[in-house]
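Using the working numbering, you'd call the opening residue of the sequence shown number 7 and step up by one each time.
Glycine included, each C-beta is placed from N, C-alpha and C at the ideal position.
Predicted model, so just to flag it, every value in this text is computed and none were measured.
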Amino acid sequence: MDSVNGTELILGKQDVSPVHEHNPAGRSPFLLTCDHYGRLIPRPLGDLGLPAEELTRHIAWDVGIAGVAEALSNHLDAHLIAQRYSRLVIDCNRPPHAASSIPLISEATTISGNEGLSRQVTEARQQAIFDPYHERIDEIIDRRLHEGLPTVLVSLHSFTPVYAGIARPWHIGTLYHRDTVLPPLLLKSLRAEGDLVVGDNEPYAVSDETDYTIPVHGERRGLMNTGIEIRQDLISDQAGEKSWADRLARILAEVETTLRAERWLG
Ligand SMILES: [Zn+2]
């Protein structure tokens, strides 16, 4: 095993860094994260025992969110930090000790490449992918605090319109736990659009057991925060991605104006 850590067991020489940053000089108070941005599989892991159609659908990544996140980052002048590898390799929004961190089954698909992994191998995946991503978010938050830049964490996700046979009615949802300021403002603005079915902690709620980015980088660091989930059929092409990025940019600008007026941003 490598003397520093086991990352070379996971990422081969041709594999890119898990960390993708867009608009790193962005001055917006909104810091955008995207845990399920990509669906790359490190070369040494092959296809995880899955056919191509499984590796392109929602179990592998958050379909459509990459385009929305980058366009939103451009609109808002916001720093986006995103993770390029599939959540089937390791889920960057799960505590590493959670059973779903390296899933054995996702929806109804068995991930044979994740069966019978040794502790060394699971820790190597964490060290190669999970740790660099979350360490970079930490560094960025530290740097912003040092520079006196207000920071509001917005964690971007997308959800499948049908899960395990159940249709989901929401177009968009806010996800939150302990923040009592930002999620109500965002919900109010989303509902004011008039044409949206808005989920309030739907299709998921945030918890310490099932989430990582919001509890660790938002709540523990005392940052205002929310998750945003967009239904994947609405952002399945470039026109959809653009339209949702435009809409969210307008809404988050309104939210920022309110936060500044109410002196939440210093
Ligand atoms: Zn996600």
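Distance from the CA of residue 24 to the CA of residue 134, rounded to the nearest whole angstrom, comes to 8 Å.
Residue 237 and residue 268 have their alpha carbons spaced roughly 31 Å apart. Look at residue 233 here: in three-state DSSP terms it is strand. Under DSSP, residue 162 takes part in a beta bridge, and its partners are 234. Scanning the region 200-232 for uninterrupted beta strand (DSSP E) segments of 3 residues or longer gives 204-206, listed from N- to C-terminal end. A Cβ-Cβ separation of about 10 Å leaves residue 178 out of contact with residue 193 under the 8 Å criterion. Scanning its chain for C-beta atoms nearer than 7 Å, with the 5 sequence neighbours on each side dropped, one finds around residue 258 the residues 36, 82, in chain order. Per DSSP, residue 17 lies in no beta strand (DSSP E) segment and is marked neither H nor E. Every residue whose Cβ sits closer than 5 Å to any heavy atom of ligand 1 is listed here in chain order: 42, 68, 163. In the displayed model, residue 179 falls within a strand according to three-state DSSP. Residue pairing from DSSP places residue 112 in a beta bridge opposite 115.
Between the region 214-228 and the region 90-105 there are three or more inter-stretch CB-CB distances shorter than 8 Å, so the stretches are counted as touching. Taking C-beta atoms under 8 Å as the contact rule, residue 91 and residue 56 fail to qualify, at a distance of about 14 Å.
Contact between the region 198-216 and the region 161-178 is present: 3 or more CB-CB pairs across the two stretches fall below 8 Å.
DSSP places residue 38 in the strand class (E or B) of the three-state scheme.
Judged by DSSP secondary structure, residue 147 falls within the alpha helix (DSSP H) whose first and last residues are 137-153. Note: residue 26 is bridge-paired with 88 in the DSSP secondary-structure output. In terms of Cβ geometry, residue 38 and residue 78 form a close pair [threshold 9 Å]. Cβ neighbours of residue 121 within its own chain (closer than 7 Å, five residues either side excluded): 110. When Cβ pairs closer than 8 Å are counted between the two stretches, the region 53-67 is seen not to touch the region 147-154, the count staying below three. In terms of Cβ geometry, residue 231 and residue 188 form a close pair [threshold 9 Å]. The DSSP-derived three-state label of residue 255 is helix.
Residue environment for residue 22: exposed (fewer than 16 other C-beta atoms within 10 angstroms of its C-beta). Here residue 71 carries a helix assignment [DSSP, helix/strand/coil]. Counting along the chain, the unbroken alpha helix (DSSP H) around residue 130 starts and ends at 125-131.
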